[in-house]
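Peer 1: Structure provided below as structure tokens; questions to follow.
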Amino acid sequence: MPAIVVLGAQWGDEGKGKATDQLATTDSIDFVVRTSGGHNAGHTIVINGEKYATHLLPSGILTPGATSVIAGGVVVSPEALFRELDGLVARGVEVADLKVSANAHVIASYHATIDKVTERFLGKNQIGTTGRGIGPAYADKVNRVGVRIADLFDEGILREKVEAALDVRNHLLTKVYNRRAIEVDTVVEELLSYAERLEPMVCDTSLLLNRALDAGQTVLFEGAQATMLDVDHGTYPFVTSSNPVAGGVCVGAGVGPTRIDRVIGVIKAYTTRVGSGPFPTELFDDDGAQLQQLGGEIGVSTGRTRRCGWYDAVVARYASRVNGLTDFFLTKLDILGAWEQIPVCVAYEIDGKRVDEMPMTQTEFHHAKPVYEYFEGWQSDISDCRSFDDLPKNAQVYVQALEEMSGSRIWAVGVGPGREQTVVVHP
Ligand code: GDP
Ligand code: IMO
Ligand code: MG
């Protein structure tokens, strides 16, 4: 299996860190690669009871022997990068080799400033971003005024690019948002201060990864964010500014689609979302509060409480379709052990009509009401189960039913946050 993609099938925080770790420890993985997003991500891995969170770094940085790669589609805050690396080293972690694409766009502190000001300006229509400057950095990239990692090694070019980027931005900041202008010198100085430490890590990551695949090495693409947060395929405008879907992996890595062997969608046994935007199965009652509490549903990056709801098979089928999933990794099945009966959304009712697939327009999606099918709960602790046969009968029925309605087979099931707490359904 030389090229494997792991990506989020819902609205993020599905357990992509755990799925990556599962693959990295059972298969022999040579490279773990981030291809989109930035330090808006928060991926958790629990090894021998020790909890680690990665944001900009791929969680493969914790896998001995694997090289970590930040590919060209990622937006890189050098400040966040070194803070994260230093944080891991301070905990005694032996961090793996790290490569950063020369093409990756840079997040400077002014991107975060603009992110926060824009959100405030949007008022009740705000997206609920992570405030990390992700949207403004991608906007600069698409506007062709972005600064790339390679630019940090030529002061003259860097200054020219920062001037171009700040030109329009400063008009906006001072005249629309009533803020102080950002000084070119300050930004250039800030970015130059990272150049020396960054330089040995920088390379052509597309060439590196394609050569690795040519040589039969195994590359794991660790997705961040998720399908429903994709700027093209998610719940626009309540999305992130990149393409976390499988197609985005190829663009972000500079690897062709014909090279990808397996695409794993990570999906929770229920649903969560952070930030604003439509969420058909969202619960506002005690069940929602209980899912939030039992699932520990608090954001790894921002500490915000996650909105919670039941499993949505329409979203799962949509994720199967737009990503061409080969498998699902179903996480957090253990959390559902508290319920006598578990509702699963199998379709939507939109303006009086039953709809089985993701509706074409956002307006319809905003009107979608879940049509539920009910499953018997197992009302027991399954966190010590290690094989599918160990699971209580009702849990097996739940997993099989989800597999039938979600459009792809369920490769494995998470029964706890720990590395060992995984049940492989289809080896
Ligand atoms: P990611 O962003 O997709 O990597 O997911 P997060 O790390 O933001 O959130 C997932 C949370 O669920 C983390 O706290 C994980 O440790 C935890 N987790 C992952 N899989 C399981 C599981 O199967 N059971 C339980 N109880 N927790 C899990
Ligand atoms: P991981 O990789 C959950 C959400 C934000 C907001 C929207 C836009 O841990 O699953 P942004 O800062 O990206 O412009 O915010 O996207 N969001 C996430 N939600 N998990 C994430 O990452 C997210 N990354 C961004 O909450 O609604
Ligand atoms: Mg997360």
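Position in the sequence shown (first residue = 1) + 4 = the numbering used here. Backbone N, C-alpha and C define an ideal beta-carbon position, used for all residues, glycine too. In this text, all values refer to a predicted model and were calculated from it rather than measured experimentally.
Is any non-hydrogen atom of the ligand GDP found closer than 7 Å to the C-beta of H47, if you look at the structure I gave you?
Peer 2: Yes, Cβ of H47 sits closer than 7 Å to a heavy atom of the ligand GDP.
Peer 1: So, with DSSP's three-state summary, where would you put R3?
Peer 2: Residue 3 falls outside the range modelled here, since the chain spans only 5 to 431, and no answer is possible.
Peer 1: Which ranges would you report for the alpha helix (DSSP H) in the region 183 to 241 if only whole runs of at least 4 residues count?
Peer 2: Counting only runs of 4 or more, we get 188 to 202, 209 to 218.
Peer 1: State yes or no: is the C-beta of G256 within less than 8 Å of the C-beta of S40?
Peer 2: Result yes, Cβ atoms of G256 and S40 sit closer than 8 Å.
Peer 1: As a quick exercise: from A323, A112, A405, D338, pick the residue whose alpha carbon is nearest that of G16.
Peer 2: Minimum Cα distance to G16 is reached at A323.
Peer 1: Kindly examine the ligand MG and report whether one of its heavy atoms sits closer than 7 Å to the Cβ of G16.
Peer 2: Yes; taking the cut-off as 7 Å, the Cβ of G16 has a heavy atom of the ligand MG nearer than that.
Peer 1: What are the start and end residues of the alpha helix (DSSP H) that includes A399?
Peer 2: A399 -> alpha helix (DSSP H) spans 397 to 410.
Peer 1: Looking at A266: is its Cβ nearer than 8 Å to the Cβ of G411?
Peer 2: Per the sequence shown, residue 266 should be read as Arg rather than Ala. The answer is no: Cβ separation not under 8 Å.
Peer 1: For K55, which residues does DSSP report across the bridge?
Peer 2: In DSSP, K55 forms a bridge with V50.
Peer 1: Could you give the DSSP three-state label for I346: helix, strand or coil?
Peer 2: Strand, per DSSP.
Peer 1: Counting along the chain, where does the beta strand (DSSP E) carrying C312 start and finish?
Peer 2: Here the beta strand (DSSP E) through C312 covers 311 to 313.
Peer 1: Could you tell me which of V375, I264, Q221, V419 sits nearest to T335, measuring between CA atoms?
Peer 2: Residue V419 is the option with its Cα nearest to T335.
Peer 1: Is it the case that the CB of V304 approaches a heavy atom of the ligand MG more closely than 7 Å?
Peer 2: At least one heavy atom of the ligand MG is nearer than 7 Å to the Cβ of V304, so yes.
Peer 1: What's the gap between the Cα of S387 and the Cα of A317?
Peer 2: Each residue's Cα considered, the two are about 24 Å apart.
Peer 1: In three-state terms, what does DSSP make of P82?
Peer 2: DSSP places P82 in helix when its eight states are reduced to three.
Peer 1: Let me make sure I understand the geometry here. Which of Y378, Q383, E424 has the alpha-carbon closest to that of R390?
Peer 2: Comparing Cα-Cα distances from R390 to each of Y378, Q383, E424, the minimum goes to E424.
Peer 1: For a quick check, are the C-beta atoms of V223 and P62 less than 8 Å apart?
Peer 2: Against a cut-off of 8 Å, the Cβ pair of P62 and V223 comes out as no contact.
Peer 1: Using 8 Å as the cut-off, can you tell me whether the region 122 to 142 makes contact with the region 195 to 206, which would need three or more C-beta pairs spanning the two stretches below that distance?
Peer 2: They do not touch, by the three-pair rule.
Peer 1: Among residues of its own chain, excluding the 5 on either side of D34, which ones have a beta-carbon nearer than 7 Å to its beta-carbon?
Peer 2: Excluding residues within five positions, the ones whose Cβ falls inside 7 Å are A70, T71, A216, Q221, T222, V223.
Peer 1: Taking Cβ positions only, does P421 come closer than 8 Å to chain C?
Peer 2: Reference to chain C is not applicable here, since this structure consists of a single protein chain.
Peer 1: Do V206 and V104 have their C-beta atoms within less than 8 Å of each other?
Peer 2: Result yes, Cβ atoms of V206 and V104 sit closer than 8 Å.
Peer 1: Select from E83, V172, H109 the residue whose C-alpha is nearest the C-alpha of I118.
Peer 2: Nearest option by C-alpha distance: V172.
Peer 1: Using a threshold of 7 Å, is the CB atom of N247 nearer than that to any non-hydrogen atom of the ligand IMO?
Peer 2: No - the ligand IMO has no heavy atom lying nearer than 7 Å to the Cβ of N247.
Peer 1: Can we count K22 as close to the ligand GDP, meaning its CB is less than 7 Å from some heavy atom?
Peer 2: Indeed, a heavy atom of the ligand GDP lies less than 7 Å from the Cβ.
Peer 1: Closest to N129 by C-alpha separation, out of G281, D360, S81, would be which residue?
Peer 2: Residue G281 is the option with its Cα nearest to N129.
Peer 1: What does DSSP give as the partner residue(s) for T365 in the beta ladder?
Peer 2: Paired residue(s): none; T365 is not in a bridge.
Peer 1: Tell me which residues share the same chain as A23 and place their Cβ nearer than 6 Å to its Cβ, disregarding the 5 neighbours each side in the sequence.
Peer 2: For A23, where only same-chain residues beyond five positions count, the Cβ hits under 6 Å are V10, V270, F333.
Peer 1: To the nearest angstrom, how far is the alpha carbon of V80 from that of T209?
Peer 2: About 14 Å.
Peer 1: Using the beta-carbon count (16 or more within 10 Å), is L211 buried or exposed?
Peer 2: When all chains shown are included, L211 counts as exposed.
Peer 1: When burial is assigned at 16 or more other CB atoms within 10 Å of the CB, is F379 buried or exposed?
Peer 2: Burial call: buried.
Peer 1: Verify the contact flag: I8, CB atom, against every heavy atom of the ligand GDP, threshold strictly below 7 Å.
Peer 2: Flag unset: Cβ of I8 not near the ligand GDP.
Peer 1: With DSSP as the reference, identify every bridge partner of D331, one or two as the case may be.
Peer 2: According to DSSP, D331 bridges with I268, R413.
Peer 1: Throw me the rounded Cβ distance for the G64 and G258 pair, which I believe falls under 8 Å.
Peer 2: With 8 Å as the limit, G64 and G258 do not qualify as a contact, their Cβ atoms being about 18 Å apart.
Peer 1: Tell me which same chain residues have a C-beta within less than 7 Å of the C-beta of T244, skipping the five on either side of it?
Peer 2: Closer than 7 Å at the Cβ level, and outside the excluded window around T244, lie G41, N44, I138, Q229, L233, V235.
Peer 1: With the cut-off set at 8 Å, would you say H109 and G135 are in Cβ contact?
Peer 2: The answer is no: Cβ separation not under 8 Å.
Peer 1: Using the Cα positions of P363 and D25, report the straight-line distance between them to the nearest angstrom.
Peer 2: One C-alpha to the other measures close to 34 Å.
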